[in-house]
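Residue numbers (the working numbering), protein chains in the order written: chain R, 5 to 210; chain V, 10 to 174; chain B, 303 to 480.
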Amino acid sequence: MIARRVVATALSTTLAAAPAAAHHTGVYTPKDNAITENFKQVKFSMQAGKFDVALARYDAGPLRAEMRARAAALPEGLEARTRAALVARDAAEAERGFMIFFAALARDLALEADRQLAAGATPATVGPRFLEAIWRYYNLADFVVGQRDARASVAMRLAYDDAEALARPASGAPDRARLRAAFGRIAEILRRLILDTTTTPVRRDS
Amino acid sequence: MGRPPLVVVFVALVIIALGELSGAVLSQLRPATARWAAARIAANPQVHGLTGSAEYDDTVREQTVFATEAGLSFFHTHAEGTGLVLFFAATLVASVARRRALRGALYTLLTVGALFPLGYLVYAVAVLQLGRDTGIELAETWVLTPLGSSAILGLLGLAVVLARR
Amino acid sequence: MIPPPDATWRLPPRGVLLAAVVLLVAAEIGGASMSRYKLELTRWARTGMLAHPDVHGLVGVRDVDERTLDEALFRFDAGLRLFHMHAEGMALVVIATTTVAATLARSALPRRALIILLTVGGVGYPLGYLIWSALIPAYGVERSKAIAEWLFWIPFGGATIVALLWLATLTAARMVRR
Numbered sequence: 005m006i007a008r009r010v011v012a013t014a015l016s017t018t019l020a021a022a023p024a025a026a027h028h029t030g031v032y033t034p035k036d037n038a039i040t041e042n043f044k045q046v047k048f049s050m051q052a053g054k055f056d057v058a059l060a061r062y063d064a065g066p067l068r069a070e071m072r073a074r075a076a077a078l079p080e081g082l083e084a085r086t087r088a089a090l091v092a093r094d095a096a097e098a099e100r101g102f103m104i105f106f107a108a109l110a111r112d113l114a115l116e117a118d119r120q121l122a123a124g125a126t127p128a129t130v131g132p133r134f135l136e137a138i139w140r141y142y143n144l145a146d147f148v149v150g151q152r153d154a155r156a157s158v159a160m161r162l163a164y165d166d167a168e169a170l171a172r173p174a175s176g177a178p179d180r181a182r183l184r185a186a187f188g189r190i191a192e193i194l195r196r197l198i199l200d201t202t203t204t205p206v207r208r209d210s
Numbered sequence: 010m011g012r013p014p015l016v017v018v019f020v021a022l023v024i025i026a027l028g029e030l031s032g033a034v035l036s037q038l039r040p041a042t043a044r045w046a047a048a049r050i051a052a053n054p055q056v057h058g059l060t061g062s063a064e065y066d067d068t069v070r071e072q073t074v075f076a077t078e079a080g081l082s083f084f085h086t087h088a089e090g091t092g093l094v095l096f097f098a099a100t101l102v103a104s105v106a107r108r109r110a111l112r113g114a115l116y117t118l119l120t121v122g123a124l125f126p127l128g129y130l131v132y133a134v135a136v137l138q139l140g141r142d143t144g145i146e147l148a149e150t151w152v153l154t155p156l157g158s159s160a161i162l163g164l165l166g167l168a169v170v171l172a173r174r
Numbered sequence: 303m304i305p306p307p308d309a310t311w312r313l314p315p316r317g318v319l320l321a322a323v324v325l326l327v328a329a330e331i332g333g334a335s336m337s338r339y340k341l342e343l344t345r346w347a348r349t350g351m352l353a354h355p356d357v358h359g360l361v362g363v364r365d366v367d368e369r370t371l372d373e374a375l376f377r378f379d380a381g382l383r384l385f386h387m388h389a390e391g392m393a394l395v396v397i398a399t400t401t402v403a404a405t406l407a408r409s410a411l412p413r414r415a416l417i418i419l420l421t422v423g424g425v426g427y428p429l430g431y432l433i434w435s436a437l438i439p440a441y442g443v444e445r446s447k448a449i450a451e452w453l454f455w456i457p458f459g460g461a462t463i464v465a466l467l468w469l470a471t472l473t474a475a476r477m478v479r480r
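Okay, structure coming up:
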């Protein structure tokens, strides 16, 4: 009886403690979601000069649906202006619309991360996951951001790198207050970017 | 069912056992294997084109470690398979091939062919010591092609014997 | 060196062959189910994961959680696939190796021990992948992997490896004695 208990205790301690990082069970490659996949279809069609295809994909796809669903959080009339740009075969203007949309998605994620950290969520879990999601969207807009506002592009990259270092420190747990501040900076950079690119025409920093 | 010679059975068992062991190494000793591979890469920087730039070298290192793990994984799956192929094919030879010389020839071809997965082990080590392209060439030229050809010839010979009965 | 044509294999006990065949059937059914019931299985796993948000670190934001869920579902699918592959293979390993043990191990005790180790190890090991997949929704990827590792892969895999090495040694000894 005692021997059984000892074995059971040892077993449950082992199961609780032992990591199973070793077992080789395949490599996961992250996939696009429906929105990013639809965006790539529209973008590549535009780049190939096939605006009718881009418009068809846009009209029928989840990208437009999402832009409409989030209209309250986006600059007024963004979806309509972006569609009008596709109809007018104006690639630059359509790209600007999509850039603002993905910047807004990333901004909202940064704000949500800050909110959850303030509510007591575990920084080690929440931090890296939100950063991954932010980059997944911002990455789609980064090139266009760089063309229109190089300073914002650099600021965003620096803010993101800082946040990553805070979310995954070399030792110990992430600092909640500093991580919150990092997400706050990201949200602010993106907020300014959206404001500037919505109200001002294209500018290229020389 | 006829029984093949003990040496054939022994080779089949050893190949299967090595396949199982490599599976265990792949899972339980994966971190240690990756560390050892990284050390071998660091010991042969010219062969792998390491530049001293952390970002570039990290990518090269990751790809090469992955290639080593892939070689080990291929060895695991193929060794399990060729061990069984040898066992069952040799049993068929023992059961259907009447002439002693023919049985001997088929046993030899099949047994040598069953060692084919060792080519993937050679590849896994060679890629670390000699670089990816040279490692592949070495494994293909000296192990995979000759041993694989032996397995194919042995199985073709068995098929001919079966067709003639 | 080449045995006369009348040297034959002695089959292992019927129960061993039955266990191997049942494992093969399970492997085939598993493989068929993975395609026929792919949607149902994915839905079941996803529902289970959503019912245990803390286990999977879900934060309640679609854009963040979809990646976490996607990766966990990838592992769930991988476990089923690995069960299918390993069950197919280990069933054949059990048949082949227990046949060798039944033929070459002269004494009853080592013969029985080898056959038991090979059968139990061979049948038990692939079940670890099935258990891993089944536990992912409730316990998470890493914790369920640890459970499968310590309860199935290590003991049953270890039994098979030990028995194979023993059998290979026995075969070598028989070769040398001849």
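Cβ coordinates follow ideal geometry from the N, Cα and C atoms, glycine included.
For the 8 Å CB-CB criterion, Met10(V) and Thr405(B) do not form a contact.
Per DSSP, reduced to three states, the secondary structure at Gly65(R) is coil, with no helix or strand assignment. In chain order, Ala389 place their CB closer than 7 Å to the CB of Ala328(B), counting only its own chain and leaving out the 5 sequence neighbours on each side. If you compare the alpha carbons of Ala69(R), Ala64(R), Glu99(R), Arg85(R) with that of Met50(R), the shortest gap goes to Glu99(R). The Cβ atoms of Val152(V) and Leu118(V) lie no closer than 8 Å to each other.
Residues are counted here when their Cβ sits less than 8 Å from a Cβ of chain B; for the segment 134-165 of chain R these are Phe134, Glu136, Ala137, Arg140, Tyr141, given in chain order. For Ala133(V), the CB contacts under 6 Å within the same chain, skipping 5 residues up- and downstream, are Thr77, Gly80, Leu81 in chain order. About 5 Å separates the beta carbons of Leu183(R) and Gly131(R), which is inside the 8 Å limit, making them a contact pair. Annotated three-state conformation of Thr400(B) is helix, per DSSP. Taking 7 Å as the Cβ-Cβ cut-off, the segment 357-372 of chain B approaches chain R at Gly359, Val361, Val363, Asp365, Val366, Glu368, Arg369, Thr370, Asp372, given in chain order. Using a Cβ-Cβ cut-off of 7 Å, Arg383(B) is close to nothing in chain V; its nearest Cβ partner there is about 13 Å away.
Beta-bridge annotation (DSSP): Gly131(R) is not paired with any residue. DSSP places Thr40(R) in the helix class (H, G or I) of the three-state scheme. Your pair Val366(B) and Arg119(R) does not check out as a contact, with CB atoms roughly 13 Å apart and the cut at 8 Å. Not flagged as an interface residue toward chain B: Gly188(R), since no C-beta distance is shorter than 8 Å.
Residue environment analysis places Gly61(V) among the exposed positions, since fewer than 16 neighbouring C-beta atoms fall within 10 angstroms of its C-beta.
DSSP links Gly11(V) through a beta bridge to Thr310(B). In terms of beta-carbon proximity, Leu15(V) lines the interface with chain B, with at least one pair separated by less than 8 Å.
Contact of Gly30(R) with chain B is assigned, a C-beta pair being separated by under 8 Å.
Each residue's CA atom was taken as its position, placing Met387(B) and Ala88(V) some 14 Å apart. Within the segment 141-167 of chain V, the complete alpha helix (DSSP H) runs of at least 4 residues fall at 141-148. In the structure shown, Glu390(B) falls within a helical segment according to DSSP collapsed to helix, strand and coil. Counting only the Cα atoms, Leu419(B) lies some 10 Å from Gly459(B). Any Cβ of chain B closer than 8 Å to the Cβ of Ala125(R) would place that residue at the interface, and such an atom is present. For Gly459(B), the C-beta contacts it makes with chain V under 8 Å involve Glu29, Gly32, Ala33, in order along the chain. Val17(V) is not a Cβ neighbour of Tyr129(V), given a cutoff of 8 Å.
Around the Cβ of Arg172(R), a 10 Å sphere holds fewer than 16 other Cβ atoms; the residue is exposed. In its chain, beyond the 5 residues on either side, Tyr132, Ala135, Val136 have a beta carbon closer than 7 Å to the beta carbon of Gly144(V). Check the Cα spacing between Gly32(V) and each of His85(V), Ile161(V), Leu162(V), Gly166(V): the tightest is with His85(V). Contact between Tyr427(B) and Met392(B) holds: CB atoms are separated by about 6 Å, below the 8 Å threshold.
Taking the beta carbon of Val130(R) as reference, the chain B residues within 9 Å of it are Gly359, Val361, Val366, listed in sequence order. Non-local C-beta neighbours of Ala52(R) in its own chain, meaning closer than 8 Å and more than five positions away in sequence, are absent. Comparing alpha carbon positions, the residue from Ile438(B), Tyr441(B), Ile417(B) closest to Val464(B) is Ile417(B). Against chain B, the CB of Pro34(R) has a partner CB under 8 Å away; the residue lies at that interface.
Residue-level contact by beta carbon holds for Thr473(B) and chain V, with a gap shorter than 8 Å.
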